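Undergrad: Protein chains in written order, with full-length UniProt numbering: chain A, 1 to 258; chain B, 1 to 265.
The beta carbon of each residue, even a glycine, is placed where N, CA and C say it ideally should be.
The structure presented is a predicted model; accordingly, all values stated were derived computationally and were not measured.
Just passing along the structure, written as structure tokens.
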Amino acid sequence: MLKITDLVKRYGGGDPVLKNLDLTIEGESVVSIIGSSGAGKSTLLRCINRLVEPSSGSIELNGTELTRLRGRSLRAARRKIGMVFQGFNLVDRLTVMENVQSGRLGYISTWAAVMRRYPKEDIRRAYELMERVGIAHYANTRADQLSGGERQRVGVVRALMQNPEILLADEPTASLDPKTSEQIMGLLRDLAGELKLPVLINIHNVTEAKEYTDRIVGMRYGRIIFDDRPASLDKEAMDRIYSGSPHADRSEDLRQAS
Amino acid sequence: MSGETRDTWQKPPFIANPVLRWSVYVGAILYFAWVGATLPIDWGRVAEGVGRAGRIFGGAFPPSFERSGLLIDGFLESLKIAILATTGGVLLSIPIAFMAARNVAPLPIYYLGRFVIIVARSFHPVIVAIIFVKAVGFGPFAGVLTLVVYSIGFVAKMLAERIEEIDFGQVEAMRAAGAPFLSTMVYAIFPQIMPRQIGLTIYQLDSNLRASAVVGIVGAGGIGATLANAFGRYDYDFALAITMVIVGVILISEGISGQIRKRIG
Numbered sequence: 001m002l003k004i005t006d007l008v009k010r011y012g013g014g015d016p017v018l019k020n021l022d023l024t025i026e027g028e029s030v031v032s033i034i035g036s037s038g039a040g041k042s043t044l045l046r047c048i049n050r051l052v053e054p055s056s057g058s059i060e061l062n063g064t065e066l067t068r069l070r071g072r073s074l075r076a077a078r079r080k081i082g083m084v085f086q087g088f089n090l091v092d093r094l095t096v097m098e099n100v101q102s103g104r105l106g107y108i109s110t111w112a113a114v115m116r117r118y119p120k121e122d123i124r125r126a127y128e129l130m131e132r133v134g135i136a137h138y139a140n141t142r143a144d145q146l147s148g149g150e151r152q153r154v155g156v157v158r159a160l161m162q163n164p165e166i167l168l169a170d171e172p173t174a175s176l177d178p179k180t181s182e183q184i185m186g187l188l189r190d191l192a193g194e195l196k197l198p199v200l201i202n203i204h205n206v207t208e209a210k211e212y213t214d215r216i217v218g219m220r221y222g223r224i225i226f227d228d229r230p231a232s233l234d235k236e237a238m239d240r241i242y243s244g245s246p247h248a249d250r251s252e253d254l255r256q257a258s
Numbered sequence: 001m002s003g004e005t006r007d008t009w010q011k012p013p014f015i016a017n018p019v020l021r022w023s024v025y026v027g028a029i030l031y032f033a034w035v036g037a038t039l040p041i042d043w044g045r046v047a048e049g050v051g052r053a054g055r056i057f058g059g060a061f062p063p064s065f066e067r068s069g070l071l072i073d074g075f076l077e078s079l080k081i082a083i084l085a086t087t088g089g090v091l092l093s094i095p096i097a098f099m100a101a102r103n104v105a106p107l108p109i110y111y112l113g114r115f116v117i118i119v120a121r122s123f124h125p126v127i128v129a130i131i132f133v134k135a136v137g138f139g140p141f142a143g144v145l146t147l148v149v150y151s152i153g154f155v156a157k158m159l160a161e162r163i164e165e166i167d168f169g170q171v172e173a174m175r176a177a178g179a180p181f182l183s184t185m186v187y188a189i190f191p192q193i194m195p196r197q198i199g200l201t202i203y204q205l206d207s208n209l210r211a212s213a214v215v216g217i218v219g220a221g222g223i224g225a226t227l228a229n230a231f232g233r234y235d236y237d238f239a240l241a242i243t244m245v246i247v248g249v250i251l252i253s254e255g256i257s258g259q260i261r262k263r264i265g
């Protein structure tokens, strides 16, 4: 269970990007976060695995408080949080197998990593997962030779190699064409079911969010203003999430403050 | 803004403020005039020197390859100095480059790395060679140490700049997976800087071979030492032979290194 309480993130001295945000993800649900650019979706996701430092508040994953971890214990916690990126973030010049195994870097020694001496069970698991998403025949291909959809499959397998307790996906389909995009969304939903894994997806495509996820969280300028089943996301809710601009929201806040 | 459309345009001046502009121009002209007038150039001596240069060149023709054994030994020594110095210099450059890259090093480490590079760059190899010849004595070891410093100054600086240009998303992906620091470097950064690293190494080998001829003149071994000796003994014909071979070898090594660097692109 992921439990976020009173989360605030503020860059520099400006207005917070996340404002006292509460969110709980239970079980193996697939949750999408929608909202216009600048609403804080990406920041929220990155606070969970601490690629971004939260300013205050608490994030608890299966009983572990994440916000105060440092060094080794932070790395140990990150191993349990898989992440899929918009730009894939694969190492272009390494093979698909090396990319997939890089999801295990938190578990194996640096020496084993440098020498590419991966444990047998890791290699077996990698082949299983690559087989599952249809990229096993690319094991020895350099990552930059693959198409966008194939690259994102590598990204997904890399994240799953971590044996994560939750999967974060930061606009995983934004760099893909519509058809490939639906395939990846379908894959994320199916894998979540098969591996009993909660998945949190930032997404711009509302149609895909409705079709592939169990729950939609709507954010607007650092706050959650909608949180319900996809069926309840009506025109009125959409307008509330997407109307206005971050700038307008900011000045609104200023007026309230003064 | 009504009426005729304008049909003349002038490029805005290099320095917008006219007073400043003219004082820069006039100041520069005055300075050059003053330098020309005050620098102590003794034209009489220059004339004498031209005669001496004529004698040197006269004595240098035809070039003599009689002592080619000495020449080859000197060259092999230069090559050894260059290879050893390149290996050592590049190996040391890698950690220094990581230290001096703002996006991966913490601030104090970054300043330390930059400081090492600045020190390595601030002296010409000849000056470094003079210091090392005093410190460890005449011979190739002084040459190797000199060129190690020289290599660090160039390779570490260029590599640090490459590290600062990497796609940081790959580093982020490793961090997100809980990878420790060194594993992150090896997986996310090394593959990205590898082509530049190889290109720099080949370039530096070529550059070190050239520099090894120069530092030899101040006593740091190699073909430069052979050349300095030849001059010292007024063997201008042998000196010309050495010079010709140096030019030839450098042309060849530059050609090869250029080809290799083009291939790895």
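Using a cut-off of 8 Å between C-beta atoms, extract the partners of Arg175 (chain B) located in chain A.
TA: Within the second sequence, residue 175 (chain B) is the residue found at index 175, counting from 1. The answer, in chain order, is Leu51, Arg78.
Undergrad: Can you give me, in chain order, the residues of the segment 54 to 78 of chain A that have a beta carbon less than 9 Å from any beta carbon in chain B?
TA: So the close ones are Arg72, Leu74, Arg75, Ala76, Ala77, Arg78.
Undergrad: Would you check if the segment 118 to 129 of chain A and the segment 179 to 189 of chain A touch, i.e. whether three or more CB-CB distances between them fall below 8 Å?
TA: Output reads no: the segment 118 to 129 of chain A does not touch the segment 179 to 189 of chain A.
Undergrad: Suppose you measure from the CA of Leu200 (chain B) to the CA of Leu79 (chain B); what does that come to, to the nearest Å?
TA: As a first step, residue 200 (chain B) must be located in the second sequence, where it is residue number 200. As a first step, residue 79 (chain B) must be located in the second sequence, where it is residue number 79. Cα-Cα distance, rounded: 18 Å.
Undergrad: Is it right to say Gly149 (chain A) is buried, meaning 16 or more other beta carbons lie within 10 angstroms of its own, or is it exposed?
TA: The residue given as residue 149 (chain A) occupies position 149 in the first sequence. Buried, since its Cβ has 16 or more Cβ neighbours within 10 Å.
Undergrad: Would you check if the segment 113 to 120 of chain B and the segment 181 to 199 of chain B touch, i.e. whether three or more CB-CB distances between them fall below 8 Å?
TA: Touching, no, given that fewer than three Cβ pairs across the two stretches are closer than 8 Å.
Undergrad: How would you list, in chain order, the residues of chain B whose beta-carbon sits under 8 Å from the beta-carbon of Arg153 (chain A)?
TA: One-based indexing of the first sequence puts residue 153 (chain A) at position 153. Here the premise fails: no neighbours, minimum Cβ distance about 15 Å.
Undergrad: Near Arg104 (chain A), what residues of its chain come up, given a Cβ to Cβ distance below 6 Å and the 5 sequence neighbours on each side ignored?
TA: Counting from 1 along the first sequence, the entry for residue 104 (chain A) is found at position 104. Cβ neighbours of Arg104 (chain A) beyond the five flanking positions: Asp122, Met161.
Undergrad: Counting C-beta neighbours from all protein chains within 10 Å, is the total for Phe238 (chain B) 16 or more, i.e. buried, or is it exposed?
TA: The residue labelled residue 238 (chain B) in the question sits at position 238 within the second sequence. That one is buried.
Undergrad: For Ser12 (chain B), go through chain A and note every residue whose CB falls closer than 8 Å to its CB, in chain order.
TA: Position 12 of the second sequence, counted from the first residue, corresponds to residue 12 (chain B). The amino acid occupying residue 12 (chain B) in the given sequence is Pro; Ser does not appear at that position. Ordered by position in chain A, no residue passes the 8 Å Cβ test against Pro12 (chain B), which lies about 35 Å from the chain.
Undergrad: If you count every other CB in all the chains shown that lies within 10 Å of the CB of Pro13 (chain B), and 16 or more means buried, which is it?
TA: Taking the first residue of the second sequence as 1, we reach residue 13 (chain B) at position 13. Exposed, by the Cβ-count rule.
Undergrad: To the nearest angstrom, report how far apart Arg68 (chain A) and Gly221 (chain B) are at their CA atoms.
TA: Translated into positions along the first sequence, residue 68 (chain A) becomes position 68. Translated into positions along the second sequence, residue 221 (chain B) becomes position 221. C-alpha separation (whole angstroms): 59 Å.
Undergrad: Tell me which residues of the segment 95 to 115 of chain B have at least one Cβ-Cβ distance to chain A shorter than 9 Å, keeping chain order.
TA: Correct list: empty, as no residue qualifies.
Undergrad: Under 7 Å, do Ile250 (chain B) and Arg210 (chain B) count as touching if we go by C-beta distance?
TA: Your numbering for residue 250 (chain B) matches position 250 in the second sequence. Your numbering for residue 210 (chain B) matches position 210 in the second sequence. Contact: yes.
Undergrad: Suppose you measure from the CA of Asp7 (chain B) to the CA of Val26 (chain B); what does that come to, to the nearest Å?
TA: On the second sequence, residue 7 (chain B) is found 7 positions in, with the first residue counted as 1. On the second sequence, residue 26 (chain B) is found 26 positions in, with the first residue counted as 1. Taking the straight line from one Cα to the other gives about 32 Å.
Undergrad: Is the CB of Pro191 (chain B) under 7 Å away from at least one CB in chain A?
TA: Mapped onto the second sequence, residue 191 (chain B) falls at position 191. For Pro191 (chain B), the answer is yes, since a Cβ of chain A falls inside 7 Å of its Cβ.
Undergrad: From A:Arg240, A:Leu233, A:Val217, pick the residue whose C-alpha is nearest to that of Asp22 (chain A); which is it?
TA: If you number the first sequence from 1, residue 22 (chain A) lands on position 22. Selected option, being the one with the closest Cα: A:Val217.
Undergrad: Return helix, strand or coil for residue 259 (chain A), following the three-state DSSP convention.
TA: Coverage of chain A is limited to positions 1 through 258, which leaves residue 259 (chain A) absent and any answer about it impossible.
Undergrad: Of all the CB atoms in chain A, is at least one closer than 7 Å to the CB of Gln197 (chain B)?
TA: Start at 1 with the first residue of the second sequence, and residue 197 (chain B) comes out as number 197. Judged by the 7 Å Cβ criterion, Gln197 (chain B) is not in contact with chain A.
Undergrad: So, for Tyr212 (chain A): in the same chain, excluding its five sequence neighbours on each side, which residues have a beta-carbon less than 6 Å away from its beta-carbon?
TA: Taking the first sequence and counting its residues from 1, the one referred to as residue 212 (chain A) is at position 212. Closer than 6 Å at the Cβ level, and outside the excluded window around Tyr212 (chain A), lie Met185, Arg189.
Undergrad: Mind checking whether Pro54 (chain A) and Lys19 (chain A) have CB atoms under 7 Å apart?
TA: In the first sequence, residue 54 (chain A) corresponds to position 54, counting from 1. In the first sequence, residue 19 (chain A) corresponds to position 19, counting from 1. Taking 7 Å as the Cβ cut-off, Pro54 (chain A) and Lys19 (chain A) do not qualify as a contacting pair.
Undergrad: Is Gly63 (chain A) buried or exposed, if buried means 16 or more other CB atoms sit within 10 Å of its CB?
TA: As a position in the first sequence, residue 63 (chain A) is number 63, starting the count at 1. Flag for Gly63 (chain A) reads exposed.
Undergrad: Please list the residues of the segment 161 to 175 of chain B that have a C-beta atom closer than 7 Å to any C-beta atom in chain A, keeping them in chain order.
TA: Result list: Gly169, Gln170, Glu172, Ala173, Met174, Arg175.
Undergrad: Tell me where the beta strand (DSSP E) around Met238 (chain A) begins and ends.
TA: On the first sequence, residue 238 (chain A) is found 238 positions in, with the first residue counted as 1. No beta strand (DSSP E) contains Met238 (chain A), which is instead part of the alpha helix (DSSP H) from 235 to 242.
Undergrad: What are the partner residues of Ser58 (chain A), as DSSP defines its beta bridges?
TA: Along the first sequence, one-based indexing puts residue 58 (chain A) at 58. BP columns for Ser58 (chain A) point to A:Thr5.
Undergrad: Please state the DSSP three-state secondary structure of Phe226 (chain A).
TA: Start at 1 with the first residue of the first sequence, and residue 226 (chain A) comes out as number 226. Note: Phe226 (chain A) maps to strand in three-state DSSP.
Undergrad: Between the segment 213 to 232 of chain A and the segment 30 to 38 of chain A, can you find at least three pairs of beta-carbon atoms closer than 8 Å?
TA: The segment 30 to 38 of chain A vs the segment 213 to 232 of chain A: in contact.
Undergrad: DSSP has Met244 (chain B) in a bridge; who is on the other side?
TA: By one-based count along the second sequence, residue 244 (chain B) stands at place 244. In the DSSP output, where bridge partners are listed per residue, Met244 (chain B) has none listed.
Undergrad: In whole angstroms, what separates the C-alpha of Ala77 (chain A) from that of Asn208 (chain B)?
TA: Taking the first residue of the first sequence as position 1, residue 77 (chain A) is located at position 77. Taking the first residue of the second sequence as position 1, residue 208 (chain B) is located at position 208. When rounded, the distance between both Cα atoms is 48 Å.
Undergrad: On a Cα-Cα basis, can you pick out the residue from B:Ser151, B:Val136, B:Lys134, B:Met99 that is closest to residue 269 (chain B)?
TA: In the structure as shown, chain B begins at 1 and stops at 265. Residue 269 (chain B) is therefore absent and cannot be evaluated.
Undergrad: Buried or exposed: which applies to Gln10 (chain B), given that a residue is buried once 16 or more other Cβ atoms fall within 10 Å of its Cβ?
TA: Mapped onto the second sequence, residue 10 (chain B) falls at position 10. Gln10 (chain B) is exposed by the Cβ-count criterion.
Undergrad: Using a Cβ-Cβ cutoff of less than 8 Å, which residues in the same chain neighbour Glu4 (chain B) once the five nearest sequence positions on both sides are dropped?
TA: For this step, residue 4 (chain B) is matched to residue 4 along the second sequence. So no residue of the chain qualifies.
Undergrad: Taking the straight line between their C-alpha atoms, what separation do you get for Ala257 (chain A) and Ser56 (chain A)?
TA: Locating residue 257 (chain A) in the first sequence gives position 257, counting from the first residue. Locating residue 56 (chain A) in the first sequence gives position 56, counting from the first residue. Caution is warranted here: a pLDDT of 47 is assigned to Ala257 (chain A), below 50, making its placement in the model unreliable, and the coordinate value is therefore given only provisionally. Approximately 21 Å, taken between the alpha carbons.
Undergrad: Expressed to the nearest angstrom, what Euclidean distance is found between the alpha-carbon atoms of Ile41 (chain B) and Ile29 (chain B)?
TA: The residue you call residue 41 (chain B) lines up with position 41 of the second sequence. The residue you call residue 29 (chain B) lines up with position 29 of the second sequence. Cα-Cα distance, rounded: 20 Å.
Undergrad: Under three-state DSSP, which class holds Lys19 (chain A)?
TA: Here residue 19 (chain A) corresponds to residue number 19 of the first sequence, with the count starting at 1. Note: Lys19 (chain A) maps to strand in three-state DSSP.
Undergrad: Just checking: is the beta-carbon of Leu159 (chain B) within a distance shorter than 7 Å of some beta-carbon in chain A?
TA: Taking the first residue of the second sequence as position 1, residue 159 (chain B) is located at position 159. For Leu159 (chain B), the answer is no, since every Cβ of chain A falls outside 7 Å of its Cβ.
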